[in-house]
Every structure is written in C-alpha cells, then in structure tokens.
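Following the working numbering, the numbering of the sequence shown begins with 30 at its first residue and continues without gaps. All residues carry an ideal CB built from backbone N, CA and C; glycine is no exception.
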Amino acid sequence: DVNALETVLAQGTNFNELKADMRETLRDNGRIFFYGCGATGRLSLSTGYMWRYMLDHYDGLPSATKKRFYNHIRSITKGSDLDGLPLKERITGLRDRIVDFMTGGDVALVNSIESAEDYPDWAAEHLRDLGFNKNDLLIASTEGGETPSVLGALEAAADISERTQYLTYCNPDHTLENIDRSKRALDDPRITKICLDSGPMALAGSTRLQATTMQQMVASGALFGLSPKDI
C-alpha cells in the first residue's frame, strides 16, 4: 500500500499535465469521459458519481471542502461559457460535462459479461453513441495495459478528438511491448501514457487493490484539481 502511494506521488509532472488538460477541456466547453473495464470500469463510474455528488450536495459540504471546491469551480469555468454566471448556474452547467461508462454498460455492474472486453469495436461504438467529439477528452484506464475494449475506445477517441487522450495502466512498459494493441497505444503520440507500476498486488487473483487505488487517486484527484500532496 505504501508503494502504491509513493508511485502516485512520483507522478508530479504527468499529474499536473492531466489536471491542466482537464481544466482546459472544461473551459473550452468540452466533456471529460472516464472509461474502463471491470475494476477500472467501476473506478470510472465512481469518479463520475463523486463529481455529481459534490455538485448536487454543494450547499451541505463541510466548510473547508466547500471553499476548496468553490475555488476549483471558479478556476475551471474561468473563460468558459459559464464564466460570470451565478454559482448555481455554473454548477448546473458543469454537472453533465463528466461522462462515465464501462465495458458492457451498466448491466456489467451486477452481471459478469466476460466476452465484452475482447471486442474493441464495441467499445469504440459505445464511445461514439455517447456523442464523443473533437473537443472531448477520454481518460481510459486498464490495470494490465492490454484490455482490448479499453484500447479500442482509446484509439477511437484519438481519431475523433483534437485533444491528447490519456491512458493509465499498472504494468511496466516492457511487459506490453509484445502485445500489438498495447504497443500501438504506447507508441501513439496522440496519447499520454501514465504508468502506475508499483509491483505485484498484495493479494493474488482479480483484486486490483493497489492498481485501482492508484488509478482512482490520479483520475479523481486531477478532476477535483488537487495536488499530489492533497491526495
């Protein structure tokens, strides 16, 4: 667990770039999409849920949290179509600019859909069905760095959007270089790669404990405008 935290804290430059790109996307009236499969799919849905929860419950937040979030809202709406509007209207305008989805759709939260992750075209179609456009940003997360559906959505996003897209993963690069789909993503200049390798997970099996913790910290931390030390 300590290794996982240290790995995130070492991502200073990448983290700040991600945070800046998220802010720019929202200021330019674009949307930020979070996508993953299985554990990272639930991570993506959790990130979107936290965003909407904070906005929907803004008035009831603890004073220190409320002050920090207020400053963040002002920062990400400065220069946007929401700039200068009353706070309530800015909150309303920001609420749906975060889009979260996962491989297999919502049903995958409660039912195993094992084959869905093997079809990159399905994920690309899902992304397009959600209206992803040239002004949008995708944060794609895959623990192993080789999930076909996640890489399929990521490649489609890079083809559609004028922005640099993001991939977070937790295997070292050298373990992915012999996998064609992973190598394409690693070599694609339109994609910023954030490798969160902290070594083997503490428990064997499909747990994703440290991996998902690191990816959640990076994704939600950047979205809420935190610094690594705040996380």
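Boundaries of the alpha helix (DSSP H) harbouring S75: A68 to D85, taken from the DSSP string. Put simply, the backbone Cα of G174 is about 7 angstroms away from that of C199.
Remark: C-beta atoms of G67 and S73 do not approach each other more closely than 7 angstroms. Between S170 and Q244, the C-beta gap is smaller than 7 angstroms, which places the two residues in contact. By the CB criterion at 7 angstroms, G133 and R56 fall outside the cutoff.
About 7 angstroms separates the CB atoms of L225 and V37; that is less than 8 angstroms, so the two are in contact.
Counted as a single uninterrupted DSSP element, the beta strand (DSSP E) harbouring Y64 occupies residues I61 to G65. Per DSSP, M131 is not a residue of any alpha helix (DSSP H); the beta strand (DSSP E) it occupies stretches across I127 to M131. By the CB criterion at 7 angstroms, F63 and G77 fall inside the cutoff. Listed in chain order, the alpha helix (DSSP H) elements of length 4 or more contained wholly in the segment 169-198 are 177-189. One thing to note: S227 has its Cβ within 7 angstroms of the Cβ of A33. L166 carries a strand assignment under DSSP once its states are collapsed to helix, strand and coil. For the pair Y82 and I120, the Cα-to-Cα distance works out to about 11 angstroms.
Here DSSP, grouped into helix, strand and coil, assigns K117 to helix. Across the set V247, R213, G160 and K163, the C-alpha of R213 shows the shortest separation from the C-alpha of P177.
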